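Read the structure below first, then the notes.
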Amino acid sequence: MGIFDFLRARPKNTATIAKERLRIIVAQERSARGSPDYLPLLRRELLEVIRKYVNVDQDAVDIKVEHEGEHDVLELTVTLPDKSQAPAAAGEV
Amino acid sequence: MTEFIVVTSGKGGVGKTTTSASIAVGLARHGKKVAVIDFDVGLRNLDLIMGCERRVVYDFVNVIHAECTLKQALIKDKRFENLHVLAASQTRDKDALTKDGVERVLNEFRDEGFDYVVCDSPAGIEKGAFLAMYFADRAIVVVNPEVSSVRDSDRILGLLSSKTRRAEAGGDPVKQHLLLTRYNPARVASGDMMSIEDVKEILGIEVLGIIPESEGVLAASNAGVPVILDETSHAGLAYDDAVARLLGQERPMRFLDVPKKGILSRLFGS
Chain A
1 MGIFDFLRAR
11 PKNTATIAKE
21 RLRIIVAQER
31 SARGSPDYLP
41 LLRRELLEVI
51 RKYVNVDQDA
61 VDIKVEHEGE
71 HDVLELTVTL
81 PDKSQAPAAA
91 GEV
Chain B
1 MTEFIVVTSG
11 KGGVGKTTTS
21 ASIAVGLARH
31 GKKVAVIDFD
41 VGLRNLDLIM
51 GCERRVVYDF
61 VNVIHAECTL
71 KQALIKDKRF
81 ENLHVLAASQ
91 TRDKDALTKD
101 GVERVLNEFR
111 DEGFDYVVCD
121 SPAGIEKGAF
131 LAMYFADRAI
141 VVVNPEVSSV
151 RDSDRILGLL
161 SSKTRRAEAG
171 GDPVKQHLLL
181 TRYNPARVAS
191 GDMMSIEDVK
201 EILGIEVLGI
211 IPESEGVLAA
221 SNAGVPVILD
231 ETSHAGLAYD
241 DAVARLLGQE
251 RPMRFLDVPK
261 KGILSRLFGS
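Just so you know, the sequences run in chain order A and B. Throughout the first sequence, residue numbering follows UniProt numbering, covering 1 to 93 in sequence. Throughout the second sequence, residue numbering follows UniProt numbering, covering 1 to 270 in sequence.
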């Protein structure tokens with residue numbers, strides 16, 4: 001620390017920001033790991049079909065695979081647009 | 001028993017080849033019979049770092065395609081006669097490596113009684129990287145304390161625990177270690193760089209070594225002498241510690257303190 005350091009703007013602690021950002025993205029990517037490879041494609045095709053009927057957002061379809069005991073459950077959530085004020089229509093396959 | 005060690009990272013430029021060369025030399029210095037293989041087909045570089053680029057006659061792909069024997073392709077190190085280099089092919093494309101071919105060559109190393117085979121992985125997660133890690137018993141994941149490197153390392157750790165022979169067999173998993181390179185204690189102290197604890201906490205695996213950022217690394221690659229042989233360089237000494245830990249010795253982590261500044265730089269900042 002030099003005696004003229006007070007003249008410089010004190011930088012933010014960027015290492016803490018890096019760590020926080022990594023913690024979130026790594027956790028997210030780990031949870032996606034091990035789920036079937038076809039999920040992104042399935043999600044995209046479902047979105048196309050839904051969009052034929054309802055004008056939903058790009059990220060309106062959320063797909064998750066959850067392990068429940070002996071079997072896996074594919075959980076599909078579609079968020080409908082605001083106009084209808086309909087709650088999320090959820091279906092399990 | 002031959003141990004296959006992959007040196008990998010996902011991200012490029014973090015120090016995989018520097019690490020492979022130094023780990024191989026370090027193991028050979030402990031008297032082990034060692035080979036180091038460059039898996040980066042099309043972008044051969046291990047030969048330069050090892051300082052044997054003018055002695056490459058045959059390469060890894062030649063051996064896989066039975067265009068020469070393994071013995072003909074192995075380059076014996078000039079410093080340690082129990083250390084051998086197998087260069088990557090510079091001319092072929094990366095599809096020249098096949099799983100069966102790689103397995104056959106690795107089995108040959110085992111039959112020849114090698115103690116360690118160090119596999120220097122290419123960057124990325126494509127075929128070369130996949131084959132470099134597939135047969136591994138142990139993995140050294142090289143990581144810089146920087147966001148993209150840490151994220152890529154986590155991806156590689158995921159692949160190591162799913163897309164390797166050990167993972168598929170379901171027995172003992174691949175042993176995983178982190179090796180932090182380009183570590184700069186002064187920047188960690190000022191909050192500009194993530195600390196060892198930060199990286200360890202995010203990735204959740206044990207740290208084999210911490211290599212400080214050092215001028216010695218560039219000097220070593222300029223000269224074609226792996227940095228572990230430079231005993232005046234902190235990076236070289238840190239690699240020596242990492243090799244000793246690989247062999248089961250206890251070594252404290254060194255070079256983690258901020259170097260003391262002179263009176264002038266204290267007064268005027270750096």
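Positions of the beta carbon are idealized from the N, C-alpha and C atoms, including for glycine. Every value quoted in this text rests on a predicted model; they were computed, and no experiment measured them.
Interface partners of residue i on chain A, CB under 9 angstroms
i               : result
G101 of chain B : Residues of chain A passing the Cβ test: none, with the nearest at roughly 26 angstroms.
G191 of chain B : P11, K12, N13, T14, A15, T16
M133 of chain B : Going along chain A, no residue has its Cβ under 9 angstroms from M133 of chain B, so there is no contact; the nearest lies around 16 angstroms.
Contacts that residue i makes with chain A (C-beta to C-beta distance below 8 angstroms)
i               : result
I210 of chain B : Per Cβ cutoff of 8 angstroms: no residues; I210 of chain B is ~16 angstroms from chain A at best.
I202 of chain B : K19, L22, R23, V26
D115 of chain B : Those within 8 angstroms of D115 of chain B in chain A number zero; the least Cβ separation is about 34 angstroms.
Buried or exposed (CB count within 10 angstroms, at least 16 for buried), residue i
i               : result
I22 of chain B  : The amino acid at residue 22 of chain B is misidentified as Ile; the sequence shows Ser. Label assigned to S22 of chain B: buried.
A86 of chain A  : Bear in mind that a pLDDT of 48 at A86 of chain A, under 50, signals an unreliable position, so the number given afterwards is only what the model happens to contain. Exposed, because fewer than 16 other Cβ atoms sit within 10 Å of the Cβ of A86 of chain A.
P145 of chain B : buried
Q249 of chain B : exposed
S9 of chain B   : buried
I211 of chain B : buried
D82 of chain A  : exposed
G204 of chain B : exposed
Q28 of chain A  : exposed
S270 of chain B : Any reading at S270 of chain B needs caution, since the residue's pLDDT is 49, under 50, leaving its predicted position unreliable; the model's value is listed next. It is exposed - the Cβ of S270 of chain B has fewer than 16 other Cβ atoms within 10 Å.
L43 of chain B  : exposed
A129 of chain B : buried
D154 of chain B : buried
Q176 of chain B : buried
M1 of chain B   : exposed
G91 of chain A  : Note that G91 of chain A scores a pLDDT of 48, beneath 50, so its modelled location is shaky and nothing firm can be said.
V93 of chain A  : A caution first: V93 of chain A carries a pLDDT of 46, below 50, which makes its placement in the model unreliable, though a value can still be read off. By the 10 Å Cβ count, V93 of chain A comes out exposed.
K16 of chain B  : buried
S214 of chain B : buried
G13 of chain B  : exposed
S195 of chain B : buried
V26 of chain A  : buried
In DSSP terms, what residue i is bridged to
i                      : result
G15 of chain B         : BP columns for G15 of chain B are empty, so no partner.
I75 of chain B         : B:V85
R138 of chain B        : B:I5, B:K175
Y116 of chain B        : B:E3, B:V34
residue 95 of chain A  : Residue 95 of chain A lies beyond the residue range present for chain A, which begins at 1 and ends at 93; the question has no answer from this structure.
residue 272 of chain B : The question about residue 272 of chain B has no answer here: the residues shown for chain B are numbered 1 through 270.
V207 of chain B        : B:L178
V217 of chain B        : Answer is none; V217 of chain B lacks a bridge partner.
K143 of chain B        : This sequence places Val at residue 143 of chain B; Lys is not what is there. In DSSP, V143 of chain B forms a bridge with B:L180.
Closer than 7 angstroms at the beta carbon, the chain A residues around residue i
i               : result
M194 of chain B : A15, A18, K19
D172 of chain B : The contacting residues do not exist; D172 of chain B stays about 20 angstroms from chain A at best.
D120 of chain B : Under the 7 angstroms cutoff, chain A gives no residues; its nearest Cβ is about 26 angstroms from D120 of chain B.
Inter-residue CB distance, residue i and residue j (contact presumed, cutoff 8 angstroms)
i               : j               : result
H30 of chain B  : L218 of chain B : About 26 angstroms; that fails the 8 angstroms criterion.
L46 of chain B  : V85 of chain B  : 7 angstroms
D241 of chain B : G209 of chain B : 6 angstroms
V61 of chain B  : S20 of chain B  : The Cβ separation is near 18 angstroms, so there is no contact.
V102 of chain B : I64 of chain B  : 7 angstroms
Residues within the segment 143-157 of chain B neighbouring chain A, beta-carbon criterion of under 9 angstroms: P145, E146, V147, V150, R151, D154, R155
Selection of the segment 18-35 of chain A by Cβ proximity to chain B, strictly under 8 angstroms: A18, K19, R21, L22, R23, I25, V26, E29, R30, R33, G34
Cβ-based contacts, 7 angstroms cut-off: residues of the segment 233-261 of chain B near chain A: none
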